[in-house]
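Read in this note's numbering, the sequence shown has 91 at position 85, and its numbers run on one by one without any break.
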Amino acid sequence: MFKKQLLCITMLFALQSLCLSDSGESQDSTPYHIKGIKRIFFQKTPPVNNSGKIRITCFTHKDNPLYIGIQQEIIINAPVSRVISVFDNYDDFPNLYEEVISAKVISRPSDNSYTLVQEFKHPLIFMSNIKMTTSFQTSKNSQKEKRYLYKLISGNLVKFNDGVVILNEVNNSTHYFELSFVDGDLPIVGKLAHDTVWSTAVKDTVKPNLVLKLRSEYPDWSFKKINTEAENMLKSIDIKTIVKNKTLYKVAE
Numbered sequence: 007m008f009k010k011q012l013l014c015i016t017m018l019f020a021l022q023s024l025c026l027s028d029s030g031e032s033q034d035s036t037p038y039h040i041k042g043i044k045r046i047f048f049q050k051t052p053p054v055n056n057s058g059k060i061r062i063t064c065f066t067h068k069d070n071p072l073y074i075g076i077q078q079e080i081i082i083n084a085p086v087s088r089v090i091s092v093f094d095n096y097d098d099f100p101n102l103y104e105e106v107i108s109a110k111v112i113s114r115p116s117d118n119s120y121t122l123v124q125e126f127k128h129p130l131i132f133m134s135n136i137k138m139t140t141s142f143q144t145s146k147n148s149q150k151e152k153r154y155l156y157k158l159i160s161g162n163l164v165k166f167n168d169g170v171v172i173l174n175e176v177n178n179s180t181h182y183f184e185l186s187f188v189d190g191d192l193p194i195v196g197k198l199a200h201d202t203v204w205s206t207a208v209k210d211t212v213k214p215n216l217v218l219k220l221r222s223e224y225p226d227w228s229f230k231k232i233n234t235e236a237e238n239m240l241k242s243i244d245i246k247t248i249v250k251n252k253t254l255y256k257v258a259e
């Protein structure tokens with residue numbers, strides 16, 4: 007999930023912190039993906055996963071192999087109202103997500119917009135915690151659907167971490183769709199395999215959404231059991247092949 011999926015950044019930053027090299031080329035002030043995620047947010051018909059399986063697709067940019075885009079489609083066997091209640095319960099994040107220290111809404115200009123500040127544990131104990139401020143726009147056209155458009159405002163790590171989430175109820179189950187983009191072009195060692203960075207990003211982006219799935223489906227489970235089972239589910243996903251099959255991201259006109 008967008009805010010929890012930021013966990014992928016912690017590992018990327020850990021790699022950066024242990025290495026010395028020149029940074030990559032600077033990005034444009036307006037990331038290439040913004041038009042694409044806005045198009046999905048505002049489109050009339052939400053994406054639907056009819057396969058019943060977890061589907062993950064990776065997208066990259068032709069000029070930057072560490073421009074990491076990850077699309078997830080997950081079926082959650084729970085009504086959308088329950089999924090939304092878990093998704094929006096920021097006070098519960100430090101308990102539900104092991105790497106989250108705090109998550110707090112600091113402003114709410116309107117009913118469909120707010121700003122969230124989050125702090126994450128750094129995987130290296132001698133490094134400062136990771137902090138991020140993210141803006142959200144939401145849309146709820148019916149009781150069966152809710153959409154989130156999020157964009158990084160500031161942080162002590164990456165230049166962008168943006169995306170769109172759509173929760174859509176079909177036949178008493180919730181179809182979870184997310185397309186997110188994170189800047190993986192950190193000053194890591196040039197010889198570090200790009201696939202290593204990609205695999206880390208996919209793992210740490212997908213696991214929080216498996217936690218969301220399990221928390222929604224089994225609300226009586228302990229936080230520890232949910233995280234353990236999410237880790238087991240993650241191991242069953244062929245992430246190596248998913249990364250290998252990544253394609254160039256193109257914004258539909």
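Even for Gly, the Cβ is constructed at its ideal location relative to N, Cα and C. Owing to the predicted nature of the structure, the values given are computational and were not obtained by experimental measurement.
- Contact between leucine 102 and valine 111 is ruled out by a C-beta separation of about 17 Å, above the 8 Å threshold.
- Under the three-state reduction of DSSP output, lysine 59 falls in the coil class, being neither helix nor strand.
- Tyrosine 255 and asparagine 70 have their C-alpha atoms spaced approximately 11 Å apart.
- In this structure, the beta-carbon distance from asparagine 118 to isoleucine 81 does not fall below 8 Å.
- Taking one beta carbon from each stretch, the region 89–98 and the region 200–208 have fewer than 3 pairs nearer than 8 Å; the two do not touch.
- For isoleucine 107, no alpha helix (DSSP H) run applies; the uninterrupted beta strand (DSSP E) run containing it begins and ends at 106–116, by DSSP.
- About 6 Å separates the Cβ atoms of isoleucine 46 and leucine 185, confirming a contact at the 8 Å cut-off.
- DSSP, reduced to helix, strand and coil, places valine 257 outside both helices and strands of the structure shown, so it counts as coil.
- Per DSSP, the unbroken beta strand (DSSP E) holding leucine 122 starts and ends at 119–126.
- In this structure, the straight-line span from the alpha carbon of serine 116 to that of glycine 42 is close to 24 Å.
- Contact check for methionine 138 against leucine 158 passes: the beta carbons are separated by less than 8 Å.
- Across the set Thr51, Pro53, Ser160, Glu104, the C-alpha of Glu104 shows the shortest separation from the C-alpha of lysine 231.
- Only buried fits glutamine 77, as 16 or more other CB atoms lie within 10 angstroms of its CB.
- DSSP places aspartate 189 inside the beta strand (DSSP E), whose first and last residues are 179–189.
- Taking every protein chain shown into account, the CB of arginine 114 has fewer than 16 other CB atoms within 10 angstroms, so this residue is exposed.
- Cβ-Cβ distances below 7 Å link leucine 216 to Ala236, Met239, Leu240 in the same chain, with the five nearest sequence neighbours on each side left out; the list follows chain order.
- A straight line joining the alpha-carbon of histidine 128 with that of lysine 152 spans about 31 Å.
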